[in-house]
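Everything on this sheet refers to the single structure shown next.
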Amino acid sequence: MSKISQVKETIILNLKKVIEEEFGKEIITDLDFKLEIPPEIKMGDLGWACFKLGEKIKKNPEDVAKILSAKVKINELIEKVVAFGPYLNFFFNKEKFFSLVLNEILEEKENYASSKIGEGKTVIIEFSSPNTNKPQHLGILRNNLLGMSLANLFKNFGYKVIRANLINDRGIHITKSMLAYQKWGEGKTPETEKMKGDYFVGKFYTLFGEKVKENPHLLDEAHEMLRKWEEGNQEVWQLWQKMNSWAIDGFKETYRKLGIEFDKWYYESEIYKLGKEIVLKALENNLCYKREDGAIEIDLTNYNLGKKVLIRADGTSIYITQDIGLAKLKYDEFKPDLSIYVVGSEQENYFKVLFKILEIFGFDWVKNCYHLSYGLVFLPAGRMKSREGKVVEIDDLLSEVKKIAKGEILKREKDILPSELEERAEKIALASLKFFFLKFSPSENINYDPEKEISFEGATGPYLLYTYARIKGIFKKSKILSLKFKTIDYSMLKEQEEIELLRLLFDFPEVLEKSIFFYNPSYLANYLLKLGQTFNTFYHRYPVLKNPKKIKEARLALIEAIGQVLKKGLNLLGIETLERM
RNA sequence: GUCCCCAUAGUUUAAUGGAGAAAACGUUGGCCUCCGGAGCCAAAGAAUGCAGGUUCGAUUCCUGCUGGGGACACCA
13 MSKISQVKET IILNLKKVIE EEFGKEIITD LDFKLEIPPE IKMGDLGWAC
63 FKLGEKIKKN PEDVAKILSA KVKINELIEK VVAFGPYLNF FFNKEKFFSL
113 VLNEILEEKE NYASSKIGEG KTVIIEFSSP NTNKPQHLGI LRNNLLGMSL
163 ANLFKNFGYK VIRANLINDR GIHITKSMLA YQKWGEGKTP ETEKMKGDYF
213 VGKFYTLFGE KVKENPHLLD EAHEMLRKWE EGNQEVWQLW QKMNSWAIDG
263 FKETYRKLGI EFDKWYYESE IYKLGKEIVL KALENNLCYK REDGAIEIDL
313 TNYNLGKKVL IRADGTSIYI TQDIGLAKLK YDEFKPDLSI YVVGSEQENY
363 FKVLFKILEI FGFDWVKNCY HLSYGLVFLP AGRMKSREGK VVEIDDLLSE
413 VKKIAKGEIL KREKDILPSE LEERAEKIAL ASLKFFFLKF SPSENINYDP
463 EKEISFEGAT GPYLLYTYAR IKGIFKKSKI LSLKFKTIDY SMLKEQEEIE
513 LLRLLFDFPE VLEKSIFFYN PSYLANYLLK LGQTFNTFYH RYPVLKNPKK
563 IKEARLALIE AIGQVLKKGL NLLGIETLER M
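When we follow this note's numbering, the leftmost residue of the first sequence carries the number 13, and every step to the right adds one.
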């Protein structure tokens, strides 16, 4: 256990002991021993709210705080214990506090705030899961980023993480684009058109949408094509394989740009027959029933989820059949302690149905399944609709933001090498986009106005990259390669801003825990903003280098620690830092 | 019709039931002789949609209402 978490543990143990002695053993079990950082420095460094205890023993919480403050022992780190209204607040010896936190960060480096609490446990995160009939748009971008950052966070806590991608490469929406290509493709390919494969395929999906308005009969042809596909018709399969590989090549290109990797790829075309056996077995056990028309159905009206067909009358399976099968497949293969599905909020009802069916079928591991639902992304014109081409695609947006980033760099540095320009612009553009989407709580819908939201100032990724580069800049100027942090005199650090920064650094491990506990990377994103803002205030108010040696070294240690935490936090969000902007 | 989610400065968002509701954008006014101005400082701007309730304490929990979004397929 890290020294920092030991500090909290020790305080809590001490506190529990005092409460036991004062008010009896039984009372402990009902209390929440969570220490919080008070809103203002003058109130103390850690605090405990006495409301609940007061209620239990029928005493005013302010009196409780007073009683406790007299009893809780101080030590070399805790120099004062004070009753601050209904709160019991602890004041640290600042020099000891600085030395404790900064030494831990500087020693642990990128391992600061990592832990092994997840060791031996497996988490499977299914995310992205695109349809192979069109390029990925902003909604999936949000999905991709959430899945990636959650995977990073879980890894940080020692979990074994399986990043799974279910490619939806089968079904009527796929044959629609296939049919359009067959009719109007004229044998063109992504190569002949110099187009990214997924864009090329998407063009025909949109084309189908247009043509079907004039000729509704096309829909029947698409259904006919799907039937042929399921029969294994050779001609249809060749076309399907060709177009799918175009689309998937395009996806892989997008993932590469975003820095997203997967450990496991599932293809709907390979698994869509899974689950039938499970359903048939459930039928034998009377967990579901056969309707008069032959379809197999389950009645969930008792759970207010209606009725759901599981196998069609003609014996073919539907989407949920396969998801039942896939859930079991994932369980058998990985025995996950937690299985997360990152899927949009419009499918909340679907997942309630899926999980309920798994429960009824007797799979007790369904209790480890969790639907991480996130809100929709809206454009100024409203909800995105691929069929109408009313979308913003990831690749387009990324290259546009990159172009703007280039312009910004050239404003500041005219004679930059082209390769350097390219790399910096790429990282800045990615930081801008990724941070934008991750700073929202997943449950919130996002209104995205491409004209307005592409910004590199204020609460943005580039602001944080800039802050990090600024810290690196100071080090470069200092000509100090590695800091001998053991000999630093931490009593030099006593400014208000320095103490605020220290409290933030101290809080970092808990922010990461909170992010993972609520499956919400936005806690981390907003924390990083706060850290960046506080650092910049400090930076403008106090020089680091133009100081006597002792102060200079102490401040360098502080900003080095800030740099490390910024970098680690950004990396967990999937954002890479830059040494120069 | 039934169910779910959302509603907080002009705008976009933040706040495990707890300590003057916090930021960013925009607006107004300042700050490069000083470690990077993609920055900083200051000001103006909020009875947290409405009406009740629970609580020592509600932006947070409960009920009703209003407005917005979503879901209720033998689509995926």
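Quick reminder that beta carbons are idealized off the backbone N, C-alpha and C, glycines included.
Return yes when the Cβ of Leu442 is within less than 9 Å of the Cβ of Gly271, no when it is not.
-> yes
Per-residue burial, Gly318 [other beta carbons within 10 Å of its own, 16 or more giving buried] = exposed
Short Cβ contact (9 Å threshold) for Ile500 with Ser161 = no
Would the beta-carbon of Lys340 fall within 9 Å of that of Leu295?
-> no
Can Leu58 and Phe102 be called in contact, C-beta distance under 9 Å?
-> yes
Three-state secondary structure assigned by DSSP to Phe109 | helix
Would you kindly work out how many angstroms separate the C-alpha atoms of Lys108 and Glu32, rounded to a whole number?
-> 29 Å
Can you give, in chain order, each stretch of the alpha helix (DSSP H) that sits fully within the segment 54-91 and has at least 4 residues?
-> For the segment 54-91, the continuous alpha helix (DSSP H) assignments of 4+ residues that do not extend past its boundaries occur at 63-68 and 73-83, in sequence order.
Does the Cβ of Arg553 have 16 or more other Cβ atoms within 10 Å, making it buried, or fewer, making it exposed?
-> exposed
Would you identify the three-state DSSP class for Asp232, choosing helix, strand or coil?
-> Collapsing the DSSP output to three states places Asp232 in a helix.
Provide the residue(s) that pair with Phe447 in DSSP beta bridges, ordered along the chain.
-> BP columns for Phe447 are empty, so no partner.
What are the complete alpha helix (DSSP H) segments, minimum 4 residues, inside the segment 358-382?
-> Runs found: 360-372.
From Thr266, Asn143 and Leu25, residue whose alpha carbon lies closest to that of Leu410 | Ranking Thr266, Asn143 and Leu25 by Cα distance to Leu410 puts Thr266 first.
Cβ atoms of Lys188 and Gly209: under 9 Å apart, would you say?
-> no
Just how far apart, CA to CA, sit Lys542 and Ala77?
-> 30 Å
What's the gap between the Cα of Asp599 and the Cα of Lys64?
-> Here the chain comprises residues numbered 13 to 593, so residue 599 is not present and cannot be evaluated.
Sequence-distant residues of its chain with Cβ nearer than 6 Å to Ala125 (five each side left out) | Phe520, Pro521 and Leu524
Check the C-beta distance from Val248 over to Lys240 and give it rounded, since I have them as a contact under 8 Å.
-> 5 Å
Could you say if the segment 35-49 and the segment 17-24 meet the contact criterion of at least three C-beta pairs nearer than 8 Å?
-> Judged by Cβ distances under 8 Å, the segment 35-49 makes contact with the segment 17-24, as three or more pairs qualify.
Compute every distance between the C-beta of Ala339 and the non-hydrogen atoms of the ligand PLP, then say whether any falls below 8 Å.
-> Among the components modelled here there is no ligand, and therefore nothing to report on the ligand PLP.
Looking at the unbroken alpha helix (DSSP H) that takes in Leu557, where does it start and where does it end?
-> No alpha helix (DSSP H) contains Leu557, which DSSP labels as neither H nor E.
Counting along the chain, where does the beta strand (DSSP E) carrying Asn457 start and finish?
-> From DSSP, Asn457 is part of no beta strand (DSSP E); its letter is neither H nor E.
For Phe139, name the three-state secondary structure that DSSP assigns.
-> In this structure, Phe139 counts as coil in the three-state DSSP scheme.
Residue environment, Glu203, which counts as buried when at least 16 other CB atoms sit within 10 Å = exposed
Separation of Glu572 from Lys397, as counted between CA atoms | 47 Å
For Val321, three-class secondary structure by DSSP | strand
Tyr301 - DSSP class collapsed to helix/strand/coil | strand
Is DSSP giving Thr134 helix, strand or coil here?
-> strand
First and last residue of the beta strand (DSSP E) that includes Glu309?
-> For Glu309, the enclosing beta strand (DSSP E) has its first and last residue at Ile308 to Asp311.
Determine, using beta-carbon pairs with one atom in the segment 425-432 and one in the segment 320-333, whether at least three such pairs fall under 8 Å.
-> In this structure the segment 425-432 does not touch the segment 320-333; the number of beta carbon pairs closer than 8 Å is below three.
Would you mind reading off the limits of the beta strand (DSSP E) that contains Lys276?
-> Lys276 to Tyr279
Do you know whose CA, among Ser329, Val291, Gly581 and Ser467, lies nearest Lys415's CA?
-> Ser467
Integer Cβ distance of Ile137 from Ala176, believed to fall under 8 Å = The pair is a contact, with the Cβ atoms about 7 Å apart (cut-off 8 Å).
Boundaries of the alpha helix (DSSP H) in which Asn256 is found, first to last residue | Gln246 to Leu270
Take Phe346 as the anchor and find which of Lys580, Arg482, Pro560 and Val173 has the nearest alpha-carbon.
-> Val173
Which two residues bound the contiguous alpha helix (DSSP H) that contains Val389?
-> No alpha helix (DSSP H) contains Val389, which is instead part of the beta strand (DSSP E) from Val389 to Leu391.
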